[in-house]
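Let me begin by presenting the structure, written as structure tokens, before commenting on it.
Chains as they are written, first to last, in the numbering used here: chain A, 26 to 569; chain B, 23 to 297; chain C, 38 to 355.
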């Protein structure tokens with residue numbers, strides 16, 4: 026390359042965000058260099074400022090944010106000092122953006138094609154018919170089904186993974202020099218994600234486009250980027266070429282991120298023959314009223330004391346519906362739920378207090394699972410009062426003991442509201458509320474998926490500790506294979522309301538797999554820059 | 023103390039003005055008998071006396087002191103509107119929380135009934151019911167509260183529906199909590215903040231509707247002093263270029279402006295950065 | 038059947054059903070009247086014979102459901118019955134006044150709808166600026182004061198002080214359109230001021246909600262100018278909320294007419310309704326309520342149908 030000046034150069038950038046009439050820095054003096062044809066990965070947990078930085082590369086600050094220092098040079102043009110028209114003219118033609126949720130970012134009022142061609146035509150890059158032809162070419166390159174006609178559909182008529190590729194095609198429409206990808210696969214299932222990732226990577230390679238790839242998923246960024254920047258609280262932690270970063274991280278924070286996936290609960294001995302399960306599902310079939318097809322078909326699972334059954338599947342697989350039938354929110358149309366050897370009434374309203382008490386639930390979003398108007402002592406105290414009749418001093422003592430068990434200092438946290446806790450602490454309270462009932466069986470519904478990785482690991486460790494202490498049976502619903510590896514004793518793989526495969530963790534993770542399990546397992550990105558290539562290669566040779 | 027001062031400084035001038043006006047109105051309404059120079063419906067002079075030191079705002083069509091009637095009017099008009107709004111909120115919220123918690127046929131029955139009432143224009147339905155029930159204060163309060171409870175129902179139901187789908191409500195249900203607990207402990211505390219602004223807004227509508235009815239001669243009945251009727255009784259003065267009848271009208275307007283300024287500020291605060 | 042046609046038919050049927058139920062409510066409310074209508078109308082001194090004759094004349098001796106069906110059947114044929122007080126045909130009594138009321142409301146709507154939508158778009162576009170704040174305070178004040186206050190202020194300025202327009206609307210049959218517009222100007226202006234403020238605020242609010250959506254940010258990130266963002270990317274999606282806002286306010290206009298008509302002694306339906314309420318002329322009240330409600334329901338139905346037509350999700354199924 027003869028041109029040595031970077032395409033994008035950000036110096037000492039400070040961006041402030043407004044919260045309650047006060048301006049606080051979100052991005053604190055960041056520098057960034059991006060060469061032509063290079064792909065830079067921005068990685069960090071929520072609140073790291075990575076999206077804000079990505080938008081700043083376009084000279085854009087969201088409402089409620091402002092630039093308050095530094096410069097952004099794009100190909101020699103300083104964007105922050107430039108007038109609006111200059112910045113506008115660069116967008117689409119030279120810098121383009123691919124948003125996290127394509128479904129929300131396509132205008133529902135227009136067909137994909139008219140959104141695709143709007144700016145190439147407006148900015149006189151091409152005529153409408155040329156732009157349409159080019160769109161079809163791009164759709165084909167991105168391996169969209171029916172490339173000739175898919176553009177003439179409305180966004181709501183196209184699936185999420187396809188929309189994400191159509192949005193990448195739209196970003197490519199004027200062949201920009203730089204594309205910002207803002208978590209483009211975060212909202213997708215893993216088996217869809219791998220298709221989108223490979224499509225994006227191929228097209229970026231083909232046109233030699235520079236890109237900034239923003240994500241919180243290390244394994245994903247490892248596939249996409251040449252260089253990685255790790256951000257935290259709006260500051261740079263570390264920057265290095267991808268391979269160096271993966272093999273030899275320097276900073277403690279980076280190392281801790283890399284090490285997250287190392288936790289594994291110790292393996293437990295197999296269940297002895299003849300042991301009665303705490304709870305078992307026998308041939309459960311369930312259907313929502315008015316729907317043509319059952320959501321669950323013939324589901325049988327046993328849950329034993331002291332063991333964890335992980336239920337894995339993608340969205341729509343019915344894994345959360347299993348939880349709804351157990352809790353009695355969706356009565357099955359056939360089959361039985363057996364608790365301690367006795368059948369459980371279908372509807373929660375018909376169950377006795379003891380039956381309700383025995384099975385408890387921990388939710389995915391601690392934010393919506395805790396009543397924001399109740400104090401911690403009431404949230405945890407209520408089940409004790411309700412099921413066990415505890416009052417006054419005894420109740421307070423029990424709440425204190427439980428808070429200590431979940432590693433929160435009672436004196437500090439007892440009288441707080443949920444809004445005064447961090448995400449991980451809220452999830453701990455969710456766990457405590459389930460424990461407060463003295464249950465035998467707990468449903469953990471995606472309990473770690475809304476948490477940052479470090480916090481998620483702490484929660485998994487705590488759950489493991491509590492399981493051993495109270496001999497609890499867990500049903501662990503998740504879409505995340507690495508969580509399954511960490512905590513499961515037994516695994517149930519679900520697809521479209523049916524069980525595809527079930528067995529002990531070793532059985533499931535040791536080949537040969539059922540075809541769907543195989544697809545699911547091989548689609549999970551790994552922390553190896555060659556993973557995407559190898560997987561695609563393997564699939565290609567398998568299909569020949 | 024310092025922090026409180028800081029908080030006050032952050033309130034926009036319009037909302038501060040609103041608070042000041044409302045405080046003033048409350049003082050006048052509460053201390054009406056002390057503040058008023060004459061009796062509420064005492065005839066003190068000839069009709070339509072001009073403004074003087076004796077009769078600050080002159081006298082009305084029957085020779086009663088306008089200023090006195092203005093002061094008592096604050097008590098009657100605001101008091102009745104406030105009671106009506108409270109009643110409307112009570113009926114509307116209870117029905118809405120029941121609807122949202124129980125869903126199914128209960129929700130269907132209440133919602134469809136509300137749809138029908140709402141599809142009849144407010145003032146028209148009020149006129150219809152007042153024709154039937156006659157124009158006493160009680161039927162006025164009952165009729166207006168009933169009609170406005172349907173609007174409250176719609177909003178409170180939407181708010182409650184948003185809360186009912188929260189996991190903490192589901193958690194309370196599968197814990198086995200009863201209807202009363204779910205409504206009073208899980209839904210109400212979370213529904214209250216958005217409904218407070220709504221209360222202000224609805225109070226304005228109720229206040230204006232009652233004033234409108236009184237103006238039409240179908241609301242608060244004489245001899246009770248009331249701002250709406252005062253405008254009607256003395257309206258003929260305007261054609262002679264005397265603006266006295268507009269004083270009660272502007273008293274009505276000033277209060278609703280004040281409440282609206284505060285509501286506007288509260289909504290703005292609640293919406294965060296969305297300006 | 039095409040699902041869209043099914044949806045439209047569903048809405049139409051629902052509108053008719055609502056209308057039917059409302060007619061039932063109006064009819065039954067009068068039935069619930071304490072005491073006897075004949076007694077109330079004729080007074081305590083009426084002899085049993087005259088009472089019986091009166092009941093028979095009005096068909097009050099028939100069972101309730103028969104009377105309802107008769108009433109409804111007559112209305113469907115354009116016969117609204119006779120006034121209890123004057124004995125005149127209600128259809129005749131109403132037809133001219135109905136025209137006058139719609140003329141007034143239409144006049145006000147013609148000015149206020151385009152004005153309000155434009156102001157709403159402008160304030161949404163320049164939100165947070167001094168212009169927006171100023172318009173906000175003015176419109177907030179306009180919706181806060183009672184209709185009769187606005188009316189009397191206008192009377193004071195334009196007819197007492199300036200003597201440009203009459204303070205009492207006297208519509209004679211021979212008046213031409215220009216004359217008519219001149220005489221109706223003050224009531225129409227009153228309605229316009231109030232309705233515009235309402236409509237503008239609601240338009241602004243629904244546009245601002247829309248502007249926070251990701252696809253609007255996307256349009257800006259694709260390099261659309263502010264005007265293009267609003268006109269091409271936001272407005273097509275704002276049709277449904279704006280039409281709803283307009284329908285609500287047109288319906289409000291019909292109701293607001295009542296008080297304005299009283300202030301200006303305007304010979305319209307509202308004035309008649311208020312008179313009939315104070316005279317307790319039930320049959321006239323029934324008829325007027327039914328007409329007001331029907332108009333109101335029709336507006337809402339129309340806005341529903343336009344919303345459906347503007348929604349690509351409903352127009353183009355998966």
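Yeah, the Cβ is synthetic: ideal placement off N, Cα and C, and Gly gets one too. Just so you know, these numbers come straight off a predicted model, no measurement behind them.
Beta-bridge pairing of residue i - partner residues as DSSP gives them
| i | result |
| --- | --- |
| residue 41 of chain A | A:50, A:91 |
| residue 266 of chain A | A:252 |
| residue 368 of chain A | A:363 |
| residue 520 of chain A | A:523 |
| residue 311 of chain A | A:321 |
| residue 58 of chain A | A:34 |
Within-8 Å CB hit, residue i to chain A
| i | result |
| --- | --- |
| residue 26 of chain C | Here chain C has residues from 38 to 355 only, and residue 26 of chain C is not among them. |
| residue 193 of chain B | yes |
| residue 245 of chain B | no |
| residue 282 of chain B | no |
| residue 286 of chain C | no |
| residue 146 of chain B | no |
| residue 351 of chain B | There is no way to answer for residue 351 of chain B, as the model of chain B reaches only from 23 to 297. |
| residue 85 of chain B | no |
Chain C within 8 Å of residue i, Cβ atoms only
| i | result |
| --- | --- |
| residue 41 of chain A | no |
| residue 181 of chain A | yes |
| residue 33 of chain A | no |
| residue 139 of chain A | no |
| residue 137 of chain B | yes |
| residue 296 of chain B | Caution applies to residue 296 of chain B, whose pLDDT of 37 falls short of 50 and renders its modelled position unreliable; the model cannot decide the point. |
| residue 27 of chain A | Residue placement at residue 27 of chain A is poorly supported in this model, since its pLDDT is 46, which falls under 50; the coordinates are not used for a value here. |
| residue 82 of chain B | no |
CB contact below 8 Å: residue i versus chain B
| i | result |
| --- | --- |
| residue 120 of chain C | no |
| residue 335 of chain A | no |
| residue 408 of chain A | yes |
| residue 398 of chain A | yes |
| residue 338 of chain A | no |
| residue 280 of chain C | no |
Rounded distance between the beta-carbons of residue j and residue i, thought under 8 Å
| i | j | result |
| --- | --- | --- |
| residue 50 of chain B | residue 96 of chain B | 5 Å |
| residue 145 of chain B | residue 234 of chain B | 7 Å |
| residue 278 of chain C | residue 129 of chain A | The pair is not a contact, with the Cβ atoms about 18 Å apart (cut-off 8 Å). |
| residue 196 of chain A | residue 164 of chain A | No, residue 196 of chain A and residue 164 of chain A are not in contact; Cβ-Cβ is about 13 Å, not under 8 Å. |
| residue 623 of chain A | residue 335 of chain A | Because chain A here runs from 26 to 569, residue 623 of chain A falls outside it and cannot be looked at. |
| residue 213 of chain A | residue 189 of chain A | 7 Å |
| residue 28 of chain C | residue 288 of chain C | The structure shown does not extend to residue 28 of chain C, since chain C is modelled only from 38 through 355, so no value can be given for it. |
(Q) Three or more C-beta pairs under 8 Å: does that hold for the stretch 112-130 of chain A against the stretch 193-203 of chain A? (A) yes
Q. Of all the residues that make up the stretch 91-104 of chain B, which are near chain A by a beta-carbon distance shorter than 8 Å?
A. none
Q) At a cut of 8 Å, does the stretch 117-130 of chain C reach the stretch 257-264 of chain C through at least three beta carbon pairs? A) no
**Q.** Given 8 Å, three or more beta-carbon pairs between the stretch 149-165 of chain B and the stretch 228-248 of chain B
**A.** yes
Q) Are the stretch 221-231 of chain B and the stretch 151-167 of chain C in contact at 8 Å, needing three or more beta carbon pairs? A) no
Q.
Using 8 Å as the cut-off, can you tell me whether the stretch 151-168 of chain A makes contact with the stretch 314-324 of chain C, which would need three or more C-beta pairs spanning the two stretches below that distance?
A. no
Q.
Measuring CB atoms only, is the stretch 182-191 of chain C touching the stretch 284-301 of chain C, in the sense that at least three cross pairs come out at less than 8 Å?
A. yes
Q: Determine contact between the stretch 140-154 of chain C and the stretch 234-243 of chain C, defined as no fewer than three beta-carbon pairs at a distance below 8 Å.
A: yes
Q) Residues in the stretch 289-308 of chain C with C-beta within 7 Å of chain B's C-beta atoms, listed in sequence order? A) 291, 292, 295, 296, 299
Q) Going along the stretch 155-168 of chain A in order, which residues come within less than 8 Å of chain C, judged by CB to CB distance? A) none
Q: Mind checking the stretch 206-240 of chain C against chain B and listing, in chain order, the residues whose C-beta falls within less than 9 Å of any C-beta there?
A: none
Q) Counting Cβ pairs closer than 8 Å, one from the stretch 35-54 of chain A and one from the stretch 65-82 of chain A, do we hit at least three? A) yes
(Q) For the structure I just gave you, are there three or more beta carbon pairs, one from the stretch 110-129 of chain B and one from the stretch 77-87 of chain B, closer than 8 Å? (A) no
Q. Would you call the stretch 490-506 of chain A and the stretch 339-350 of chain A in contact, with 3 or more CB pairs under 8 Å?
A. yes
Q: Could you name the residues of the stretch 205-221 of chain B whose beta carbon sits closer than 7 Å to any beta carbon of chain A, in the order they occur along the chain?
A: 208, 211, 212
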